[in-house]
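Q: Chains F and C supply the protein sequences, listed in that same order.
Add 2 to the 1-based position in the first sequence for this note's numbering, that's all there is to it.
Add 2 to the 1-based position in the second sequence for this note's numbering, that's all there is to it.
Even for Gly, the Cβ is constructed at its ideal location relative to N, Cα and C.
Can you read through this structure? Questions will come right after.
There are 2 protein chains.
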Amino acid sequence: MKQALEGIKVLDFSQLLQGPYATQMLGDVGADVIKVERIKTGDIYRDMTFFNKWIAGDESPCFMAWNRNKRSIAVDMKSEQGKDIIYKLVQQADIIVENFRPGVMKRLGYGYEDLKQINPSIIYCSASGWGDEGPYLKRPGQDLLAQSISGAVMTSGKENDGPVAIGTALCDQVNALNSVYAILAALFYRERTGIGQEIKTNLLSSAIAFQMQDYFTIQNLGVPFERPNSNIGHPGNAAPFGMYGTKDGFISIAMCPWSKLVKALEDDTLNKYDDAQILYDKRDEIHGEVEKIIKTKTTQEWLDIMLSFDIWVAKVNKQSEVEFDPQVKFNNTFVEIRHPKAGKVKVTNIPFTMSETPGEITRASPLIGEHGEEILSELGYTEEEIADLINVEVISVEKVK
Amino acid sequence: MKQALEGIKVLDFSQLLQGPYATQMLGDVGADVIKVERIKTGDIYRDMTFFNKWIAGDESPCFMAWNRNKRSIAVDMKSEQGKDIIYKLVQQADIIVENFRPGVMKRLGYGYEDLKQINPSIIYCSASGWGDEGPYLKRPGQDLLAQSISGAVMTSGKENDGPVAIGTALCDQVNALNSVYAILAALFYRERTGIGQEIKTNLLSSAIAFQMQDYFTIQNLGVPFERPNSNIGHPGNAAPFGMYGTKDGFISIAMCPWSKLVKALEDDTLNKYDDAQILYDKRDEIHGEVEKIIKTKTTQEWLDIMLSFDIWVAKVNKQSEVEFDPQVKFNNTFVEIRHPKAGKVKVTNIPFTMSETPGEITRASPLIGEHGEEILSELGYTEEEIADLINVEVISVEKVK
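In structure tokens:
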């Protein structure tokens, strides 16, 4: 079966999270993604991990998570011969992605204006922390910092919690998604007109746009969100919207007509709260009253009862339970692939289906420069020339021991 | 200036959040988005709001946030004349988006197979809660519920907090972004081959894929995340990564060599923690020690000190402070547009720039069926025919009073 971006070449200069996730998404739907890494040491994300633990000795789960469906070439980007290689790759590329601090690519000779000379219809996406100009230009740009400046850390948890970081790399990941959105729009435009362009995305703008509804509300109603003091599920919502402890776990209840919930809870005294304003003003008190009742039965008992009323309810899964959830299993959300060093690894599948051009996971994350010889050979370098480039340390090629 | 999706028509049957955000993104880069609403009452999100408050009498900030750059037609989708109108719109459309519960569009005569008969190269995206088959098929699909089943609510906050909902509509918004990603990949493929297709996205798969790095880590290292008992910023991270109270607010510190931070804090006794394993194992204790020092100076004092060491640091903004942040102002993140009933409203700008085809916000969210007459006239209906369709209640047109 064909893939949607078959024939499209992406030259990926990005490191860490946001850029690599963006290019992985392009690879997931069929683009040929060539990751250009630092010679010998590679992407700096290879040196970071969680819990101070590693896979197969020295492989990082952080790096491995965002670099499937790519080939790697590790090049001395500052050497003349390295430049020759990169410029040849640029000639064949459709899309460039980079997320260095603003100005770095230009200093190296790989800025948009430089590469446009070599390939006039190139689509060039720079992803930064704050934008490529302005007061924060020299500041480090990173996910938690963008969560902080964008106000995202003030949206979760309880009113007296102080800031609460969102426990996944929200800004990096949302900006990766926005980068793909802009790149694919530009690719369509180029297909119609032949005209390439430069795209600039940044963590901060993506983090704020992601909170579009929240900012629209507080700016145009003129009322700030105040986080609840109970487990109500959003600072702007009334009871019962939220999470409740059961006898053996937690359930979530979404939008629900109050009278329907009162029937399911079998406690008519709760009818006194049946008013939109009261449900907002007394949400913490109401949450407490409801939770007292919900604590008396198990999660499964409440699911059976509430689903029979068509109440919008779900079990709260611990992360360790998620892969065993019946719908998650049905959806094939997790699949196994082979990594050259680590053997079988479990990865998250592409989260959608396409009837004509299904996405596909064809390879695990590469070793540093693993495909250097193959990529140079495609560019027309001879075996001797490639051996020489390795010898003089213009490229490095990591092999499985 | 041209826009990237100029000439592309989107027929949008979606309601609430995920579908409307997806089609808004297509409109932001130039597609002509026609929102097909229920006659008279429109999108059910028009009836929901925060704090039980409304804009200009009865407009919902939730609805308004996700429906700019669209025109609206309000049609009786079950009537024969309504069907005629919709089928004519389908003939001219490139993309269909819908997010009813699985099966509803088919029952109404608007399933993929039905519309493909009318327009063989149509791209048709269905966005559901859990997928269009499987054990949760009949269950209500909603953002908080998908946060719960995907484990997302167990990633933020402290170990003893129980579940912590992410305070923005994470799953809806991420699935909107994934829908746009798949639609634009399909649009490119169609441009090259002439072949349309059916896309299916869902909240649950998107929510899990968004936690890709987190699941990759726990599944392949075999170690579960345990949330910290302090304000460390991610369950898998070591100190100092996290948020700290200052004399007058909070700052975030991202990845930082420990010895560099100790210098900035001017307390050599902290050198005893300078070991990767200790920084993880004792992260809560270390967070406490560091916060004691950080409490002694203001946010601005710490920014000055730490930025001089190139420590990755940022201020934590309250949501109400975000629009006054210097970089946010520089980036023009918030812009004003005119709404037919509410007058000037403030909206979040498109979060990226494109040099050749910049996105543009050309209109605020529509009234219910506001553009019905204009859209029918473009389909070739005469003024008399349109008046008759209004008269017999096949379409409704809301006007500003």
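Give me the chain F residues within the contact set of residue 110 of chain C, using Cβ-Cβ distance strictly less than 8 Å, ordered along the chain.
A: The contacting residues do not exist; residue 110 of chain C stays about 20 Å from chain F at best.
Q: Applying a beta-carbon distance threshold of less than 8 Å, which residues of chain F neighbour residue 247 of chain C?
A: Those are 164, listed as they occur along chain F.
Q: Does DSSP classify residue 176 of chain C as helix, strand or coil?
A: Correct three-state label for residue 176 of chain C: helix.
Q: Is the separation between the beta-carbon of residue 318 of chain C and that of residue 253 of chain C shorter than 8 Å?
A: Against a cut-off of 8 Å, the Cβ pair of residue 253 of chain C and residue 318 of chain C comes out as a contact.
Q: Any C-beta of chain C sitting closer than 8 Å to the C-beta of residue 41 of chain F?
A: Not closer than 8 Å to any Cβ of chain C, the Cβ of residue 41 of chain F fails to qualify, so no.
Q: When you compare only the Cα positions, how much space is there between residue 30 of chain C and residue 24 of chain C?
A: In a straight line, the C-alpha of residue 30 of chain C is about 10 Å away from that of residue 24 of chain C.
Q: Return the CA-CA distance between residue 208 of chain F and residue 369 of chain F, expressed in angstroms with no decimal places.
A: C-alpha separation (whole angstroms): 31 Å.
Q: Quick check: is the beta carbon of residue 435 of chain F nearer than 8 Å to any beta carbon in chain C?
A: This structure gives no information on residue 435 of chain F, because the portion of chain F shown stretches from 3 to 403.
Q: Please state whether the Cβ-Cβ distance between residue 353 of chain C and residue 43 of chain F is less than 8 Å.
A: For residue 353 of chain C and residue 43 of chain F, no; Cβs fall outside 8 Å.
Q: Measure the CB-CB distance between residue 112 of chain F and residue 88 of chain F and report whether it falls below 8 Å.
A: Yes, Cβ-Cβ distance for residue 112 of chain F and residue 88 of chain F is below 8 Å.
Q: Against residue 320 of chain C, what residues of chain F qualify as contacts under a CB-to-CB distance less than 7 Å, listed in chain order?
A: What residue 320 of chain C touches in chain F: 153 and 156.
Q: Is the beta carbon of residue 377 of chain C closer than 8 Å to that of residue 410 of chain C?
A: Chain C is shown from 3 up to 403; residue 410 of chain C falls before or after that span and cannot be answered.
Q: Can you pull the chain C neighbours of residue 236 of chain F, defined as C-beta to C-beta under 7 Å?
A: Those are 167 and 169, listed as they occur along chain C.
Q: Between which two residues does the beta strand (DSSP E) containing residue 374 of chain F stretch?
A: Counting along the chain, residue 374 of chain F falls outside any beta strand (DSSP E), though it belongs to the alpha helix (DSSP H) covering 374–380.
Q: Keeping to the same chain, check which residues put their C-beta closer than 6 Å to that of residue 32 of chain F; ignore five residues upstream and five downstream.
A: Counting only Cβ-Cβ distances below 6 Å, and skipping sequence neighbours, we find 5, 6, 7 and 8.
Q: For residue 396 of chain F, which residues from the same chain have a beta carbon less than 7 Å from its beta carbon, with the 5 sequence-adjacent residues on both sides left out?
A: Correct list, in chain order: 77, 78, 81, 83 and 84.
Q: Comparing the C-beta of residue 306 of chain C with each C-beta of chain F, is any distance below 8 Å?
A: Not an interface residue.
Q: In the DSSP output, which residue or residues are listed as bridge partners for residue 348 of chain F?
A: According to DSSP, which records beta bridges pairwise, residue 348 of chain F is partnered with F/338.
Q: Against residue 212 of chain C, what residues of chain F qualify as contacts under a CB-to-CB distance less than 7 Å, listed in chain order?
A: The answer, in chain order, is 170 and 175.
Q: Could you check the C-alpha separation between residue 258 of chain C and residue 179 of chain C for me, to the nearest Å?
A: Cα to Cα, the separation comes out at about 32 Å.
Q: Assuming residue 285 of chain C and residue 241 of chain C make a contact with CB atoms under 8 Å, what is their CB distance in whole Å?
A: Right, their Cβ atoms sit about 4 Å apart.
Q: Does the CB of residue 260 of chain C have a neighbour CB from chain F at under 8 Å?
A: No, because no Cβ of chain F sits closer than 8 Å to the Cβ of residue 260 of chain C.
Q: Which chain F residues are close to residue 45 of chain C, counting only those with a beta carbon under 8 Å from its beta carbon?
A: By Cβ distance, chain F contributes nothing, its closest Cβ being about 14 Å from residue 45 of chain C, past 8 Å.
Q: So which residues of chain F does residue 329 of chain C contact, with C-beta pairs closer than 8 Å?
A: Within chain F, the residues near residue 329 of chain C are 132, 133, 136, 137, 138, 151 and 206.
Q: Where does residue 279 of chain C land, buried or exposed, given buried means 16+ other C-beta within 10 angstroms?
A: That one is exposed.
Q: From what residue to what residue does the beta strand (DSSP E) around residue 434 of chain C run?
A: Here chain C has residues from 3 to 403 only, and residue 434 of chain C is not among them.
Q: Is the Cβ of residue 326 of chain F closer than 8 Å to any Cβ of chain C?
A: No, residue 326 of chain F lies away from the interface with chain C (no Cβ there is under 8 Å from its Cβ).
Q: With DSSP as the reference, label residue 194 of chain C as helix, strand or coil.
A: Reduced to three states, the DSSP call for residue 194 of chain C is helix.
Q: For residue 121 of chain F and chain C, any beta-carbon pair shorter than 8 Å?
A: With 8 Å as the cut-off, residue 121 of chain F does not count as an interface residue toward chain C.
Q: By the 10 Å Cβ neighbour count, where 16 or more other Cβ atoms means buried, how is residue 162 of chain F classified, buried or exposed?
A: When all chains shown are included, residue 162 of chain F counts as exposed.
Q: In whole angstroms, what separates the C-alpha of residue 22 of chain C from that of residue 65 of chain C?
A: Distance between the alpha carbons of residue 22 of chain C and residue 65 of chain C: 9 Å.
Q: What number of angstroms, rounded off, separates the C-alpha of residue 100 of chain C from the C-alpha of residue 264 of chain F?
A: Distance between the alpha carbons of residue 100 of chain C and residue 264 of chain F: 32 Å.
Q: Would you tell me roughly how many angstroms separate the C-alpha atoms of residue 237 of chain C and residue 149 of chain C, rounded to the nearest one?
A: Rounded to the nearest angstrom, the two C-alpha atoms are 17 Å apart.
Q: What is the C-beta distance between residue 39 of chain F and residue 343 of chain F, in whole angstroms, given that I count them as a contact (C-beta under 8 Å)?
A: Rounded, the Cβ-Cβ distance is 16 Å, inconsistent with contact.
Q: At the level of alpha carbons, what is the spacing between residue 46 of chain C and residue 102 of chain C?
A: Cα to Cα, the separation comes out at about 12 Å.
Q: If I'm right that residue 245 of chain C touches residue 231 of chain C with Cβ under 8 Å, what's the distance once you round it to whole angstroms?
A: That pair is no contact at about 14 Å.
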